[in-house]
Amino acid sequence: MTDYNDKIRALILAALMVFSVFAGTVAFTGSAAADVDSMSGASVTDVDRGNASATQTVTFSVTTADAQDEEITIDYETGNVTDATITSVTDTTGNITADNVTVVNSTRITLDVNGSAASDAGDIEVEVTHDLSDVSETSGVTVTIDDAGGSNDASALTPTFDIVADDGNNDTTFTDGGLVFQGQTASYDAANADTSGNTYSDGGYFLYERVDSSTGSPVRSLNANNGWVNASTSGLETGTTYFISNDGSNPGSADITFTVRNMAFDASFDSDSVDNAGTTGVDFTVESSNRQETFDVYVTSDDLSDDELVDIFDDNFDGTDVDVDGDDETDDDDGIQITVDNGEETSEANFSDIDGGSYNFTLDVTDTTAESSASIDVNDIGAGEAEFGNPNVEVPQGDVAEINISLSGAAAGGSGTLVIGTLDDDGYQANISFTDTDDDGEVTVEFNTYTAGSDSLGTVVSAAGEDDVTFDSTDNQTDVTAMLAQGEYTISVSTSSSVSTTTESPQDLGTLFIAERSTDSMQLWTAPGAAELDADEEDGVEESDIASLIEDGLVTQDDTITSGDYVIHQVTATGLTGVVDSEGSLTNALQSGALEVTVEQTNPVQNRDPKVINVTDSGSAVTLVEGDGAYYIAVDTGDSALNVSRNGNQVDLADGDEFEATFTVADDRLLGSSEEDDEQSVNATFEVESEDITLDNDPVQVEAAADQMITGEANSAPGTELTVRVRSTGETQPRFFNTQTVTVQADGTYNASFDFSDQAEGDEFSVTVRKGGTQVASADGEVVGAAATTEAATTEAATTEASTTEATTTEAQTTEAQTTEAQTSEPPATTAEPTSTSTPGFGAVLAVIALIGAALLAVRRDN
């Protein structure tokens, strides 16, 4: 016990030593002082005349120079100081403290500033109380804030403030029980709105803090001027309720009640940077979450003049150069005033021609203490240029050429001119104006070589995305009798709005090459009738959707089409985009006869006309897809809207029907000829067969095990979904019902896996195959025994296990007899409990525990 007490005593003494060192360190740290090296950022709030306890906030920043004490003096040009309190000291760097504030006389206050090291910096806020009962209005009262000298003599600060008339005209009026924001003066129209029933008088009003429903604590007396009683919120606690009364301190006798709150206020730019040329605007948001009315805000920036601030904020925020610092000067770059409508404003600030650099903005609400800041980097941008993304553009005759233009520097977000061809050299010239509307520095001009040269075939020029183009088809091009000829056309571009400047002094030159077009081939594909061709479920069926389905194996090449599936005709041809755009769509181009598709039976019944599939009159049964050099005509043979006719009479597709599909380019302008022999066609043939879905076995046999496969074949398109169901029948126990959804594979097979491990040999069941809710195949099923080779192996193993069981269960005759009868069962549990190799006595685990206990006992005895 003595040893333990000694140890505890030593521990306590050691802790005391540590705490003593820590305390000594704290005392040493706090004992350092500092001489003031510089002061800045002084401000003094205005005060109301006639107020016996007018409070005012004096704020300034200090930076220490060395380890010398420093006294700061605050001298008033005029005033009647009655009290002063240091309300806050905020460190910027290091550790700044302020104390020993003293009211020396009615115009002088002193306080001590302390720091821990050189270059410590902080902001000091002092609340000063004045008795201004008999003071008249005064503007520009100077306050001098200076240090006592020390080893450094910081430059004095001389902020000014106004002693203003407290008549309620410029202060805050509010409803009874409402909010007054910190920094505002609550103004009560006592002459016209005294609710306590008292006759208005020039005196006798007090401001009370509401303690509870029956108690108020007096804060200060209030004067009345011209019928108004005004209470400054300076020095009042936020979140506290106050009331004005000339009938005692009971809240029930209050003339008006208000709660002081801090105004929530924030300002921010939508981007970290903005250009000073080209796109020079950036969204600027000023908002308050608890003041949903119009208010004014002072905006200042050390590195911008008032004129520059007005240029930035004038267009959308009514930026106005005003006297922010109260020195009766508006041209001294002290800031500007903006207006925020309805508590929130998001509009564009314009930094055009502002010098490049980083700028910080300070925003102060004019009638409250709320403030915020925002910053932005201004990028210095040069004049900017336009150039081609690819100066050599090749397009098949009749297609739409995409000409990409890149705009650099100030040109981004701007406009320019593109000229295609020259009238003298090419017999054709297109003058195009463009605008980078989405400000991304890229414009893609789409030029239709089919409609170019004609003023009656529709749009010649358009812009991709959100950008804009202007093309005057009457002035900017000469009519030509045919489609633009194959060959090279010069393209020129500039940021100028002048065509002549662009052609004579282009910023970039390139070539548009119009190549020969072709009609190449038709390829047939198939897909399940229930397939969703819009693979990405966006913007309808597009070429990318078909490509995705091909990759996933849901669209496969085939010229034998099962009735109910899709037959998809892929036509490969170039130079058709222009006529399709001119007609408005591929559907319109087919209906107008510019392009044609016919699907006609090639093996009609003797003495009968062939069946015809009318692609353009089959509604939802036909899906047309426009691609890049490829066009898809998907026909759903199972859709009731499919128009199949013979001699104008509706008929059905039948097993064995054979068809030839033909795609023809018949447009005279596209072909350069009106002769039928000059039309271009491609074709392909396919055969229709009836759907055939079967099971491979009837009856279906499975073992009483997991992963039992039930297989079948189908001539449906690969990817077709089938539902395979198995259901117990007869006296089978336990009963079961299981379902698997499978798909037809590319080789025409399908298979479903089921778990029959809970069933027994001889159990019976049924198998059905369904497609889209309709049964298409069925068979009986049974659970059979395992294959003979498997049974032999099992018996051999079981015999060996049984002999072991007999050797270890001689005392349990019943168990031995049961084991002999079940040759294929697992050996009884007694074979897993041999005792001949067990350790006598404690056993290994207990022996280890005993050794550990002995070791611990020995340690305790040593102690």
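Each residue of the sequence shown is one higher than the one before, counting from 2 in the numbering used here. Backbone N, C-alpha and C fix where the C-beta goes; we use that ideal spot for every residue, glycine too. On a predicted model such as this, the values are computed, not experimentally measured, just so you know.
Could you name the residues of the same chain whose beta carbon sits closer than 7 Å to that of residue i, not counting the 5 residues immediately before and after it, in chain order?
i, result
"S290", "A265"
"S272", "V283"
"G541", "D535"
"N96", "G116, S117 and D121"
"E601", "P611, V613, F660 and E661"
For residue i, name the three-state secondary structure that DSSP assigns.
i, result
"V581", "helix"
"L424", "helix"
"V616", "helix"
"S39", "strand"
"V59", "strand"
"F318", "helix"
"L310", "helix"
"S89", "strand"
"T253", "In the sequence as displayed, the identity of residue 253 is Gly instead of Thr. Three-state DSSP puts G253 in a helix."
"N193", "helix"
"A878", "Not covered by the structure: residue 878. The range shown for the chain is 2 to 864."
"G417", "strand"
"G179", "strand"
"A187", "strand"
"L14", "In this prediction, L14 has a pLDDT of 38, which is less than 50 and means its spatial position is unreliable; what the coordinates show is noted afterwards. Of the three classes helix, strand and coil, the one that applies to L14 here is helix, per DSSP."
"S621", "helix"
"A155", "coil"
"G385", "coil"
"G410", "helix"
"N752", "strand"
"L847", "Note that L847 scores 43 on pLDDT, short of 50, meaning its location in the model is unreliable; the coordinates nonetheless yield the value given after this. DSSP places L847 in helix when its eight states are reduced to three."
"R726", "strand"
By Cβ distance below 8 Å, which residues in the same chain neighbour residue i in space, the five residues on each side in sequence not counted?
i, result
"D653", "V645"
"E349", "G282, V283, D284, F285, D316 and N317"
Which residues mark the beginning and the end of the alpha helix (DSSP H) in which residue i is found?
i, result
"V593", "The question names Val, but residue 593 is Ser in the sequence shown. S593 -> alpha helix (DSSP H) spans L587 to S593."
Residue i and residue j look like a contact to me (Cβ under 8 Å); what is the Cβ gap, rounded to whole Å?
i, j, result
"G184", "D368", "7 Å"
"T58", "T46", "5 Å"
"L485", "Y429", "6 Å"
"A574", "S619", "Incorrect: roughly 22 Å between the Cβ atoms, too far for contact."
"E346", "V287", "5 Å"
"T1", "T491", "Residue numbering for the chain in the displayed model covers 2 to 864; residue 1 lies beyond these limits and cannot be assessed."
Measure from the C-beta of residue i to each C-beta in chain B and report whether the shortest distance is under 8 Å.
i, result
"D658", "Within the model displayed, chain B is absent; a lone protein chain is all it includes."
Apart from the five residues on each side of it in sequence, which residues of its chain come closer than 6 Å, Cβ to Cβ, to residue i?
i, result
"G842", "For G842, the pLDDT reaches just 43, beneath the cut-off of 50, and the residue's location in the model is therefore unreliable, although a value from the coordinates is still provided. Cβ neighbours of G842 beyond the five flanking positions: none."
"I365", "A quick correction: the sequence has Asp, not Ile, at residue 365. The residues are Y299 and E372."
"R726", "T740 and T769"
"T74", "T111 and D147"
"L458", "T452 and S583"
"E714", "T695, G749 and T750"
"V636", "V568 and V623"
"S1", "Since the first and last residues shown for the chain are 2 and 864, residue 1 lies out of range."
Hey, could you find the ends of the beta strand (DSSP E) residue i is sitting in?
i, result
"Y429", "No beta strand (DSSP E) contains Y429, which DSSP labels as neither H nor E."
"P219", "T216 to L223"
"D759", "Looking at the DSSP string, D759 is not in any beta strand (DSSP E), and its letter there is neither H nor E."
"A739", "Looking at the sequence itself, residue 739 is Asn, so the reference to Ala does not match. Its beta strand (DSSP E) spans residues F738 to T744."
"D267", "D267 to F270"
"P397", "N393 to P397"
"A631", "A631 to D637"
"R292", "Unbroken run through R292: none, as it is neither H nor E."
"M710", "Q709 to A715"
"E467", "Segment: none, E467 is in no beta strand (DSSP E) and carries neither H nor E."
"T108", "Neither: T108 is in no beta strand (DSSP E) and is coded neither H nor E."
"R211", "Y206 to D213"
"L596", "L596 to Q602"
"Y243", "T242 to S246"
"Y299", "F296 to T301"
"Y451", "From DSSP, Y451 is part of no beta strand (DSSP E); its letter is neither H nor E."
"S779", "T775 to V785"
Would you say the beta carbon of residue i comes nearer than 7 Å to a heavy atom of the ligand SAH?
i, result
"T502", "As far as ligands go, the structure on display features none, and thus does not contain the ligand SAH."
Quick one: which unbroken beta strand (DSSP E) runs of 3-plus residues sit fully inside the region 323-376? Chain order, please.
DSSP runs (the beta strand (DSSP E)) wholly in the region 323-376: 337-341, 345-351 and 358-366.
Let me know the alpha helix (DSSP H) ranges lying completely inside the region 497-566, each 4 residues or longer, listed in chain order.
The DSSP assignment places complete alpha helix (DSSP H) segments of no fewer than 4 residues inside the region 497-566 at 500-505 and 544-552, in order along the chain.
My parser needs the alpha helix (DSSP H) runs of 4 or more residues fully inside the region 639-707; what are they?
Every alpha helix (DSSP H) stretch that sits fully inside the region 639-707 and reaches 4 residues is listed by chain position as 669-672.
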